[in-house]
Amino acid sequence: MVQISAVEKLFTVIDNTATILQDELSCTYLEAVAETGENLFQNTILQEEISELSKKRIQKEYTHVNLGQCSAEEIRKAYQLAALKGMREATQPNHEMTPDAVSIFVGYLVSKFTEGWKGFSIFDPAVGTANLLTTVLNQNQSKEIEAYGIDVDDLLIKVAYISANLQQHSIQFYNQDSLEPLYIEPMDIVVSDLPVGYYPNDIGAASFELHAKEGHSYAHHLFIEQSLKYTTAGGYLFFLVPNHLFTSEFAKELNPFLKEHAVIQGMIQLPLSLFKNEKAAKSIFIIQKKGPEVKAPKQALLANLPKFSNQTAMTGIIKQIDDWFKQEKLEINQ
Ligand code: SAM
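Mapping the sequence shown onto the numbering used here, position 247 (from 1) lands on 303, and the numbers just tick up by one.
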């Protein structure tokens, strides 16, 4: 007999109930996913305006799951699968959710860079659905973590906070433009899948060192500058950046800026097969904010990731990364 996994079971319940709510509320599927997620969290049906028949159908669906018996990762996966289905309807390329395999890999990198730490504070200034942020939290459960997420899109922030609630993560969310002054203290860690492209607010951009001298500035450059501003000395930043970061227009301003404020720890190129076209391909860019104790690595961690499904090649890369950490620790202690 085929066993239905907890993720499949929960996804089916979210999907079926979101479809009923979408019809009843005449809203988008993604909005309905947030509505049903909130119901599951509050353990009640909050939409009073819907018909008694729909209420009964939804109630029956909810009896098929017991959230208390699901792990945070199972809940994240099921809810994010439904959110992904909703985002396929209408999302712009820059708002796409960070893929699972990439988020898990970033979570692994964060755990390696923070090995031996009791805990840390972390923020994502382009948190979207919080798939990346909550995956990183799930991968670092042994540590005490204070987490923050910011996004300009109010629906995505709603999807994100409901996901965090369901996974029982205490994350503070802010719905604002992250390139305006933030309401957070500097953090130890930043993770972010940066929105790539031009920032339309030239007046706002003018306060950044990395603003374009003429026309619109690159949002992803301003995000790097803003993130460094809100990072503690010695803190680590993990960005998903376009592969063309250092070859595009304005790269010549980015290079000296980074040299002044940070040390480059690594650049890991993601497999091209993950992206619709080569131009959209991304890398994981790891930097550390300068500080009195900070030393640049003898050699930055450079790697090209194979397809995540290629287990033999992935094992090789993980070994290469482990060796790099051992080597760099040795250098620091000498
Ligand atoms: N990591 C996210 C996830 O797992 O869902 C996806 C991030 S997506 C690639 C980039 C995000 O940046 C989008 O959610 C978009 O709304 C947000 N964004 C774009 N410009 C922004 C701005 N100026 N301030 C805050 N968020 C912004």
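Backbone N, C-alpha and C define an ideal beta-carbon position, used for all residues, glycine too. Since this is a predicted model, take the numbers as computed values, not measurements.
Presumed contact (8 Å Cβ cut-off) between residue i and residue j, rounded CB distance
{"i": "L165", "j": "I340", "result": "7 Å"}
{"i": "H151", "j": "K65", "result": "Their Cβ separation, rounded to whole angstroms, is 28 Å, which puts H151 and K65 out of contact at 8 Å."}
{"i": "K199", "j": "T154", "result": "Not a contact, Cβ separation roughly 21 Å."}
{"i": "T75", "j": "Q136", "result": "Actually they do not touch by this definition, with Cβ atoms about 17 Å apart."}
{"i": "F294", "j": "I342", "result": "5 Å"}
{"i": "Q282", "j": "L235", "result": "6 Å"}
{"i": "K351", "j": "T287", "result": "So it is not a contact: roughly 17 Å between Cβ atoms."}
{"i": "S110", "j": "E80", "result": "5 Å"}
{"i": "F306", "j": "A268", "result": "6 Å"}
{"i": "H272", "j": "Y254", "result": "4 Å"}
{"i": "K168", "j": "I373", "result": "So it is not a contact: roughly 12 Å between Cβ atoms."}
Limits of the unbroken alpha helix (DSSP H) element including residue i
{"i": "G260", "result": "258 to 261"}
{"i": "F67", "result": "62 to 81"}
{"i": "I178", "result": "Counting along the chain, I178 falls outside any alpha helix (DSSP H), though it belongs to the beta strand (DSSP E) covering 175 to 180."}
{"i": "V89", "result": "85 to 98"}
{"i": "I218", "result": "210 to 222"}
{"i": "E309", "result": "307 to 317"}
Check: residue i C-beta below 7 Å from any heavy atom of ligand 1
{"i": "L137", "result": "no"}
{"i": "T185", "result": "yes"}
{"i": "S263", "result": "no"}
{"i": "P181", "result": "yes"}
{"i": "E152", "result": "yes"}
{"i": "I131", "result": "no"}
{"i": "P237", "result": "no"}
{"i": "S365", "result": "no"}
{"i": "D207", "result": "yes"}
{"i": "L188", "result": "yes"}
{"i": "P348", "result": "no"}
{"i": "S226", "result": "no"}
{"i": "A268", "result": "no"}
{"i": "S234", "result": "yes"}
{"i": "D379", "result": "no"}
{"i": "A318", "result": "no"}
{"i": "D71", "result": "no"}
{"i": "D249", "result": "yes"}
{"i": "L211", "result": "no"}
{"i": "A275", "result": "yes"}
Beta strand (DSSP E) segment containing residue i, residue limits
{"i": "A359", "result": "357 to 360"}
{"i": "Q228", "result": "227 to 231"}
{"i": "F446", "result": "The structure shown has nothing for residue 446, since the chain only spans 57 to 390."}
{"i": "F341", "result": "338 to 345"}
{"i": "I131", "result": "Careful: I131 lies outside any beta strand (DSSP E), inside the alpha helix (DSSP H) at 128 to 146."}
{"i": "S304", "result": "Note, S304: premise wrong, no beta strand (DSSP E); not H, not E."}
{"i": "V247", "result": "243 to 249"}
As assigned by DSSP and simplified to three states, the class of residue i
{"i": "M153", "result": "coil"}
{"i": "P327", "result": "coil"}
{"i": "F264", "result": "coil"}
{"i": "Q197", "result": "coil"}
{"i": "Y204", "result": "strand"}
{"i": "Y118", "result": "helix"}
{"i": "G372", "result": "helix"}
{"i": "G322", "result": "strand"}
{"i": "S273", "result": "strand"}
{"i": "T280", "result": "The residue you asked about is not Thr; residue 280 is Ile in the sequence shown. Three-state DSSP puts I280 in a helix."}
{"i": "V192", "result": "helix"}
{"i": "Y239", "result": "coil"}
Chain D contact for residue i (CB, 8 Å cutoff)
{"i": "P327", "result": "Looking for chain D here will not work: only one protein chain is present."}
Decide if the stretch 127 to 135 is in contact with the stretch 185 to 203; the criterion is three or more beta carbon pairs, one per stretch, under 8 Å apart.
-> yes
Meets three-Cβ-pair contact criterion under 8 Å: the stretch 217 to 225 and the stretch 239 to 251 | no
Please determine if the stretch 324 to 335 and the stretch 348 to 356 are in contact, where contact requires at least 3 C-beta pairs separated by less than 8 Å.
-> no
Does the stretch 105 to 117 come close enough to the stretch 172 to 181 that 3 or more CB-CB pairs lie under 8 Å?
-> no
Taking contact to mean at least 3 C-beta pairs separated by less than 8 Å, is the stretch 268 to 279 in contact with the stretch 314 to 325?
-> no
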